[in-house]
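What follows is a set of notes on a single structure, which appears directly below.
Residue numbers (this note's numbering), protein chains in the order written: chain H, 678 to 1304; chain B, 961 to 1640.
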């Protein structure tokens, strides 16, 4: 066993290297376990995994993990070969009891002292204040295809350092598992709030020696295929969430108190910076944007789970002085700066709850919150900000589906992000004259509202507007360039532009083609993983909405259409699409309408959605041939 | 990760940051030197290195003391954020490091000394090589545009290119360093490679080395010029090189390594390559690294059983080592980094870095009777200049197949490969560690045709425009290895998705109906991928006419593994050469069967490109009721000089344009539909 403590590596191991040649084959308990033949789409098979969390009477926590896995392929040897165990060196002892390989030719190889290497996590290498968090790399030796490895370790708190026993344990991973088990032990009589999401398992409760243990066991858990998935989709994996916190009010009271205190601690340097940033700005909105941009872009972000810091922020002065911070740190700094600007602001710990997912916030487990948002009161309106990303990258339209707990004393309820005031809609109307050489010239209108609205990317910047509209025009009419534009409307809910454009004649070819494309921002464009025929998890789009595109090409003398794409009228659970190309009076027109009612596409609806997207995007749907 | 394209360990004695210079108090008027560094003088720069001064004192033993001063002025908020922390790596097993001083010069004139408690000593993050390296991290008090930071460091010892194992006690404050462990393994010698350009503009950079009077040094400047000065006194020789006003590197996609692009100084006290070669031989042989036991011998016999020729036997041994010894470096303590792990250790661990995997193969070869087998140092990814300094980052195997005739084997780069020496390493410099001592050598370049990728496509277009077909993909040498890795070096649950992604180049409506591959592990049989697919509504059909792009011309094989050259094509001109994994030749041969009665009417123009870097050509012809496509793209060099970029760009652009062009086929007069042609 190795024990890591504040002094470092104290004692080790399993003695010397053990390589015992015994009778060929795996030991009886693993003989006959499945191979790649039974699991052709897996590289590793988890024969069993158990995770046990125990809250000791004094408040310390012990976490024990035992994982037995089998390498089914050479790729599997690499994938399972060097796991990293995260631990807090100041507050926890890590004891690795076993890392033993059983090979199919009968060797038994124990890990050696040099198999265990402590490192600073990559995410924390530029955040020395947080480097109590370390990772122990466990390098498994003696691996072979069909070898079985037993890894057992325990993390024991040196002292009570977390307010509650909490966990968010995902029970379906990349590798299939024959058995996945989680148990939670608390002192007898203590309440445990829990919920098993996206799976069913009857928990077993047992009380003995003044402790109550609840155990959840899932068997034959299939692998989760993460190819082409986005993080929000992982919310649909079977997950056990538990906490000893009685309710959200307790969480808000404690963390809210810490946040309040952290915001109040300033420094002369921070005061000066606030003064510099706000110099000459009168408008509260501009002040908020300026401060937000500074914190988001120029205070480095520490990308490490907030739960591991127990949602304890450093003071605004410290965060500023160090130049880096995690999501809560940066929110604290932003709020402190906003307050110096006379803007009332508060922080919420948030998580994404995609439509169709069971509500995880029924359990007052703060560890499920993955980020923070800052709510600034701007007169009668509210400005939502992500302290890790400038408004041009993430704003209220991107926060749809977030649920969060205000980190304010007295708060105790989960809030859902307020919907946008305008419907989610995109509309592009362009009229173009097509010359004989197929050069184009025309004008039109681009309108975006709700989740489609890029207000924060564009407000106050002619250059940004020009770039955006140039890209938008080219997305609809490849090779066209923006000639001019004017702003018709520019507010939070909706942006509308008039545009004019030109496209040079294409190189002379044998085929006269008028090419079109889907507009930038379309929910049917750039969908991650859309090349996959089937999916394991629901598809979460950045947003749904309604889309309309009306194009008119007035054909020059002698030009007439030879090929127009077929009319499309498709309707399904995931969306609808109608498209009609028409030729009349020397012109060709396109009328395109798509509706994606929900941003989440269920697994069963995905093939129809993919077909819809494919039909909408296919060149044969987007091109007109002239003669 | 088994795809061992990553450049790996064995950088012998490369002093990473362990270079420095004595801080000359008062030699530099810091505030004055900062005044001229402004955003106007350095437009676009977030920060500027105002002064970098490295001073190395070398003892008779080769032990080096390095003092370094770096003064950086930040000009923007981005620069201020970039310098929120500063990091300095070291290897506690072989070097000692200390931050001697850290000063912040505020734009307003205030000067702040940063207290020692803001300097952290931490284990480095590590990936794939777990040798326990450490780092000093300075938490810099928040900087503002216009502020400057000056850091003074001292180090002694050496740092292997990818670090070495150890506990870190020597670096802890107050520890008593044991100088013996800091003396380089090639005792009495010193060498260094110093780059004089980086990602920030430099106002002045100076490198000074002081050696005992009887220890001459060889030095040469490459890729540019440096000013220099030599001096001596009764006991020592002093050499200084410097350069003023160096702009930041303007990075380009897939550019050659910095060491082949920017001005660099290479210096070494070693006399010649044979001396280094003999040292490398002895440092391993003297500790019996390649001894084998009965289990290894039995395994070698088992692997070679029934094989007739020596080549067959060695190839079988390489295949076993390459797939069974996974890439994961754990430290063996003393000697880590510059000696190979003993074969017996590797056989137990089944894990190691390139040198250890090479060590296992050498041991296996010797157990199989190929006794004249040695390790070789090589540099994957960059040139080795002809000065016997440490310029190596990779270790391979050389076996003497005839007097003075070696054959190279690379078990790290050839897992699941029919090659024994990767075509991604041609050309490449190397030095074999042999008892007689060897010169620096270079592997011969590989012609693109050896790294061929062949796509044989057979497709059928229905009258309604639906497409169905089969594509058979094969490859040669390194390209075949890349195809094998798509299957065997990728997660099993992603293989189908990868092929679906390939086919999405045909159309967003493409569907993979089935796929097959031959066994990627059997390196003695050619590897083949067969994809069957369909695409509804692929061709545009109207009247008696149909428009389509021949499917193979869409180049479904455009991906990071096979077509890295596409990523290099950005912009009209380049300053630096292009570094590719390997030369390649793509040939697409396709028969597309048309509906009955249809014939080719017009094929898109295909203007051939020919040049020193790349060729492209395509020809589409009619054969009965079928279209026959023959397309070829050859990227002929692994390293393409900037002057040849236009040729590469022309070839790639031509291939892309052809992949978007439309072919017209038309129903023959006798087969025309009545009333057709009125579709709109």
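Think of the CB as a built atom: it goes at the ideal place given N, C-alpha and C, for glycine as much as any other residue. Keep in mind that this is a model prediction, so the values were computed, not measured.
Proximity below 9 Å, CB of residue i to CB of residue j
{"i": "residue 775/H", "j": "residue 797/H", "result": "no"}
{"i": "residue 1477/B", "j": "residue 1493/B", "result": "no"}
{"i": "residue 1190/H", "j": "residue 1302/H", "result": "yes"}
{"i": "residue 1287/B", "j": "residue 1500/B", "result": "no"}
{"i": "residue 1230/B", "j": "residue 1348/B", "result": "yes"}
{"i": "residue 1589/B", "j": "residue 1580/B", "result": "yes"}
{"i": "residue 1223/H", "j": "residue 1293/H", "result": "no"}
{"i": "residue 841/H", "j": "residue 894/H", "result": "no"}
Under 7 Å by beta carbon: chain H residues contacting residue i
{"i": "residue 1092/B", "result": "794"}
{"i": "residue 1097/B", "result": "805"}
{"i": "residue 1435/B", "result": "Here the premise fails: no neighbours, minimum Cβ distance about 20 Å."}
{"i": "residue 1497/B", "result": "1295, 1297"}
{"i": "residue 1102/B", "result": "946, 997, 998, 1000"}
Classification of residue i by the beta-carbon crowding that lies within 10 angstroms, buried from 16 upward
{"i": "residue 1192/B", "result": "exposed"}
{"i": "residue 1253/B", "result": "exposed"}
{"i": "residue 1021/H", "result": "exposed"}
{"i": "residue 1306/B", "result": "buried"}
{"i": "residue 1243/B", "result": "buried"}
{"i": "residue 1026/B", "result": "buried"}
{"i": "residue 1213/H", "result": "buried"}
{"i": "residue 1106/B", "result": "buried"}
{"i": "residue 969/H", "result": "buried"}
{"i": "residue 1259/B", "result": "buried"}
{"i": "residue 777/H", "result": "buried"}
Listed by chain order, chain B residues near residue i by CB distance under 7 Å
{"i": "residue 1294/H", "result": "1468"}
{"i": "residue 718/H", "result": "1452, 1453"}
{"i": "residue 1073/H", "result": "What residue 1073/H touches in chain B: nothing, since even the nearest Cβ is about 25 Å away."}
{"i": "residue 1209/H", "result": "1457, 1460"}
{"i": "residue 1283/H", "result": "Per Cβ cutoff of 7 Å: no residues; residue 1283/H is ~13 Å from chain B at best."}
Distance between beta carbons of residue j and residue i, contact taken as under 8 Å
{"i": "residue 1304/B", "j": "residue 1256/B", "result": "7 Å"}
{"i": "residue 1007/H", "j": "residue 1065/H", "result": "6 Å"}
{"i": "residue 998/H", "j": "residue 839/H", "result": "Wrong, their Cβ atoms sit about 26 Å apart, outside the cutoff."}
{"i": "residue 1319/B", "j": "residue 1250/B", "result": "7 Å"}
{"i": "residue 1043/H", "j": "residue 928/H", "result": "5 Å"}
{"i": "residue 1260/H", "j": "residue 1238/H", "result": "5 Å"}
{"i": "residue 854/H", "j": "residue 898/H", "result": "4 Å"}
{"i": "residue 759/H", "j": "residue 816/H", "result": "5 Å"}
Neighbourhood of residue i by C-beta, 8 Å cutoff - its chain only, sequence neighbours within 5 removed
{"i": "residue 1401/B", "result": "1389, 1390, 1391, 1392"}
{"i": "residue 1607/B", "result": "1569, 1571, 1572, 1573, 1574"}
{"i": "residue 910/H", "result": "1031, 1214, 1215, 1216, 1217"}
Within chain H, partners of residue i - CB distance below 9 Å
{"i": "residue 1052/B", "result": "By Cβ distance, chain H contributes nothing, its closest Cβ being about 12 Å from residue 1052/B, past 9 Å."}
Contact list for residue i against chain B, beta-carbon separation under 8 Å
{"i": "residue 820/H", "result": "1286, 1310, 1311"}
{"i": "residue 830/H", "result": "Per Cβ cutoff of 8 Å: no residues; residue 830/H is ~17 Å from chain B at best."}
{"i": "residue 758/H", "result": "1286, 1288, 1311"}
{"i": "residue 975/H", "result": "1037, 1038, 1040, 1041"}
{"i": "residue 814/H", "result": "1086, 1090"}
Residues that residue i contacts on chain B, provided the C-beta gap is smaller than 9 Å
{"i": "residue 798/H", "result": "1085"}
{"i": "residue 1302/H", "result": "1500, 1502, 1505, 1507, 1622"}
Beta-carbon contacts of residue i that lie in its chain and below 6 Å, excluding the five residues immediately before and after
{"i": "residue 1183/H", "result": "1115"}
Residue i Cβ short of 8 Å to the ligand FMN heavy atom set
{"i": "residue 1061/B", "result": "Questions concerning the ligand FMN fall outside what the structure shown contains, since it holds no ligand whatsoever."}
Proximal chain H residues relative to residue i, where beta-carbon distance stays under 8 Å
{"i": "residue 1471/B", "result": "1210"}
{"i": "residue 1424/B", "result": "None at all; the shortest Cβ gap to chain H is about 10 Å."}
Cβ shell of residue i (< 7 Å), same chain only, five flanking positions each side left out
{"i": "residue 989/H", "result": "935"}
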